[in-house]
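Chains as they are written, first to last, in the working numbering: chain U, 1 to 841; chain A, 1001 to 1193.
1. Round the Cβ separation of residue 471(U) and residue 326(U) to the nearest angstrom and send it over; I've been treating them as touching at under 8 Å.
2. Taking residue 713(U) as part of the alpha helix (DSSP H), name the residues at either end of that continuous run.
3. Have a look at the DSSP bridge pairing and note the partners of residue 773(U).
4. Measuring alpha carbon to alpha carbon, tell me which of 455(U), 494(U), 350(U), 838(U) ends up nearest residue 474(U).
5. Run down chain A in chain order and give the residues with a C-beta less than 8 Å from the C-beta of residue 55(U).
6. Under a three-way DSSP split, which group does residue 223(U) fall into?
7. What does residue 1155(A) pair with, by DSSP beta-bridge criteria?
8. Using CA atoms only, rank isn't needed, just tell me which of 97(U), 387(U), 82(U), 537(U) is closest to residue 512(U).
9. Please name the residue, chosen from 106(U), 66(U), 479(U), 553(U), that lies closest to residue 278(U) on a Cα-to-Cα basis.
10. Using beta carbons (cut-off 9 Å, strictly below), is residue 1189(A) in contact with chain U?
11. Using the three-state DSSP reduction, which class does residue 8(U) fall into: helix, strand or coil?
12. First and last residue of the beta strand (DSSP E) that includes residue 88(U)?
13. Less than 6 Å between C-beta atoms, sequence neighbours within five positions excluded: which residues of the same chain meet that for residue 424(U)?
14. Can you tell me whether residue 433(U) is helix, strand or coil according to DSSP?
15. Please list the residues of the segment 1107-1133 of chain A that have a C-beta atom closer than 8 Å to any C-beta atom in chain U, keeping them in chain order.
16. Cβ closer than 8 Å: which chain A residues qualify as neighbours of residue 266(U)?
17. Assuming residue 43(U) is part of the beta strand (DSSP E), what are its boundary residues?
18. Give the single residue among 112(U), 198(U), 696(U), 293(U) whose Cα lies nearest to the Cα of residue 881(U).
19. Could you name the residues of the segment 329-355 of chain U whose beta carbon sits closer than 9 Å to any beta carbon of chain A, in the order they occur along the chain?
20. Give the range of the beta strand (DSSP E) segment to which residue 760(U) is assigned.
21. At which residues does the alpha helix (DSSP H) containing residue 474(U) begin and terminate?
22. Determine the direct distance from the alpha carbon of residue 198(U) to that of residue 447(U), and round the result to whole angstroms.
23. From what residue to what residue does the alpha helix (DSSP H) around residue 31(U) run?
24. Once you ignore the five residues that flank residue 404(U) on each side, which residues in its own chain have a CB closer than 6 Å to its CB?
25. According to the neighbour-count rule (16 or more other Cβ atoms, all chains shown, within 10 Å of its Cβ), is residue 143(U) buried or exposed?
26. Does residue 147(U) come out as helix, strand or coil in the three-state DSSP assignment?
27. Which residues, in chain order, does the segment 1062-1073 of chain A contribute to contact with chain U at a C-beta distance below 9 Å?
28. Counting only the same chain and skipping the five closest in sequence on each side, list residues whose C-beta sits under 6 Å from that of residue 756(U).
29. Report the three-state DSSP secondary structure of residue 280(U) (helix, strand or coil).
30. Which residue or residues does DSSP assign as beta-bridge partners of residue 449(U)?
31. Enumerate in chain order the residues of its own chain whose CB-to-CB distance from residue 295(U) is below 8 Å, with the five nearest sequence positions on each side excluded.
32. So which residues on chain A does residue 587(U) lean against when the C-beta distance must stay under 8 Å?
33. If residue 1162(A) and residue 375(U) are in contact, beta carbons under 8 Å, what's the gap, nearest whole angstrom?
34. Could you compute how far the alpha carbon of residue 780(U) sits from the alpha carbon of residue 77(U)?
35. Residues of chain A with CB closer than 9 Å to the CB of residue 418(U), please, in chain order.
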């Protein structure tokens, strides 16, 4: 989230879409209700189902799963056509005035400029700003044919051409206007199934916060995996970000783009780079062309790109300090300047190694071993059957878990005969791990708060702490390399592991290492403040690129300082009343609770709304001050016009995302899901995402309407269950004892299905069997003029659990149905909006 | 004066002072409180492991944390001091005691050998020893030091690590340190899906 849970109470308007917080985040949803009660805030809910969130909304619209960009693009168009914009914000805090290069083309035929159908990739050189100065009132240069244009270097120009009148035909605002002019209410209706009059009602309500030039009100966009789990997931969120930038809602209390996130520490897992393409603190993984650290840093450290008269902090320019401090934390004394800070210890990647690719290459026999801790890959999917087939080809599997799970028992999945089991050569180790109550350490919630938790009891039986198991395996591998030698043992032998008890690393020691410390005496020349060798660093501003600091994750620097564990603080005071709680736990970065909060003020540095003062410029002190920690260069006066979006090299928010920022294009475009019941009404010849990642094994089949897969299916969670975990808890199993398929009353009538009757849902990949749950929460829809049915399947049942073990389910995990196809930016599979057929079982 | 429920009880616990603050004697109310089963329990502050709201929870255990005393969980409830959940828990959080004290929990290491149809018990020492040997063997067999162009890549592509949603930040950091040092590229997490 750019903002936080409690901050939702400050909003005037909510768009909740792709998420169902009333059921999936019940104790956080109270803050949305608080906003309705205390501020008379309005709530718009857009969802394929009339959820319990929808039940509290002022306006509910039923949308076809996978049509989100069409709806949001329609809102962008409505806001522009009706002048419901935050003009000063748009002009000064976004790249609306920037000029885009000649030769850049919008996807009127479904493709941006530069597409190569043979490789299914884009040459993105035209997706860039034009170099130059103030172009106000100047005629657009004549477009030269792209073929004769010199090949452009793939970097942003330092001095961007701009037109503050926003009239130049190639300025971002005019291109945005043109791009979304196609998203008329009629087109929105054809694609989404939302009737035009309902769409217009929602568009009017959402943008009403900017009616008649009002700049005080603020709207929040709230979403979850209903947005991410699509082949265009990243671009759905991008559309929301564009909308929020146009309306001036980012950086403000009660505003922002807020990912609810579904698990206790996946925010932390992302921050800590539990993903193939990152290193801790969102540093990029090195590539083979990074032949040394200098080459890596040159590639990943952005350079400023902005209009001449403006200023840009471009905080990522400090990347070398973050990277060298990370290498010092990972490799300690072995990371020396002479040895390029042990940069060559890190693997260099030149392709994608994401979740679905991992399972795909295990299926192909390339991945021979898997260590899995608390991650039930067979159930998580997509395509449970493919993942089971992949594990059968692996040589070994190590599972660390709390309960008997489907992944560790893949070799005896339902339907596997004894004879077949004898053919499976995989060795499986199942290690009993510790539950949350048995471990200390920290979780990071979706509001970016790091919170320390304490261990209440030891693990049961012979179960061990996860960190102990990992340490013991790693140290045993190290011993083997010491004794026997082997391939490139240096990083294994030299990884810093000097914890007080290396076999049982104390998590408080690890947190301190993540925070970082001084490796030499440091002094801030400006303030005279000194930090002695060995002391904890107070914040990331102290990090150096000369090896005198170590920090395992620069964004967490400040979490455990010389003043103690900031992440364990329990101060319940909230002096501003804005729900900031500055002394409760610790929020990255630098305890800032709302990101980009400089944008909560006008150009002069005064809050847009004096009743919701977050930060402001104090002229007498010559500093930014406030109730929150300013997310800005504290001494940059408003007259310098430094942009509030300090992590972008432009300093401003990106309505147009240049160059390689996104795979499909600088503006989002509606593409149909991989399995769609209709051809894309915008451009039938380019129906799907042109750069989507599909897979090609025998298991990877995609269904079509022609094959009889005519029903749109989406998956969801229930309030009473948590993923594949509470199926082991008697109380949760008692409240919702068995799986079901939610179908509309209309569909039940069409198909002659009675509520409670067992039905069979089949996709191109597998079959799911459960009772029909006939409701009026889903309705048949008209998509591009044709009547279509949508169904919903809760994900919580597999083949190990209380109900499963008692033989009360059909042992068919929901992800038997889902396709292996992924968003090319975030690599998230399309769990939402795929095609099935429905029959009586 | 803002008084939370917990502050109120703390004041109440101070006895005589409460009489002056509230103008009446709270001693009978306090005596009643002490009869609650959690009154003599140890309170441990934790965070709900389910969704990302991060509801504060209090785990009540019997046992004074003295050496050789195993704490027994007797109750789990929402932490009323927590600014987000303010003591509330959802149907999942409300059943956390059953997650902690669950007879279905795995309590011993096991191995399923190739071609076998049942689990076998294995000692921790043997399990870790065998896993370490497999990790080394797979790494040595699949490690790539240079790519086709002769550039250093130091990759181990034959092995993968997947982490879960309830792994702590500190565990995740140790995973990065250990796995990237082995050269692992297939490093993924619930955060992806």
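C-beta atoms are modelled at their ideal positions from N, C-alpha and C, and glycine is treated no differently.
According to the structure data:
1. Going by Cβ atoms, the distance from residue 471(U) to residue 326(U) rounds to 20 Å, so no, they are not a contact pair.
2. Premise fails: residue 713(U) lies in the beta strand (DSSP E), 711-716, not in any alpha helix (DSSP H).
3. 742(U)
4. 494(U)
5. Near residue 55(U) there are no residues of chain A at all, since even the closest Cβ is about 16 Å away, more than 8 Å.
6. strand
7. 1144(A)
8. 537(U)
9. 553(U)
10. yes
11. helix
12. Residue 88(U) -> not in any beta strand (DSSP E); alpha helix (DSSP H) instead, spanning 87-93.
13. 392, 411
14. coil
15. 1107, 1108, 1109, 1110, 1111, 1112, 1113, 1114, 1115, 1116, 1117, 1119, 1122, 1124, 1127, 1128, 1129, 1130, 1131, 1132, 1133
16. 1052, 1165, 1189, 1190, 1191
17. 42-47
18. The requested residue 881(U) is not part of the displayed model; chain U covers only 1 to 841.
19. 329, 330, 331, 344, 345, 346, 347, 348, 349, 350, 351, 353, 354, 355
20. 758-762
21. 466-484
22. 32 Å
23. 26-39
24. 800
25. Per-residue confidence for residue 143(U) stands at a pLDDT of 42, beneath the threshold of 50, marking its modelled position as unreliable; no derived number is given.
26. Only weak support exists for where residue 147(U) lies, its pLDDT of 45 falling under 50; the value from the coordinates is given anyway. Helix, per DSSP.
27. 1063, 1070, 1071, 1072, 1073
28. 771
29. coil
30. 587(U)
31. 289
32. Near residue 587(U) there are no residues of chain A at all, since even the closest Cβ is about 11 Å away, more than 8 Å.
33. 4 Å
34. 27 Å
35. 1117
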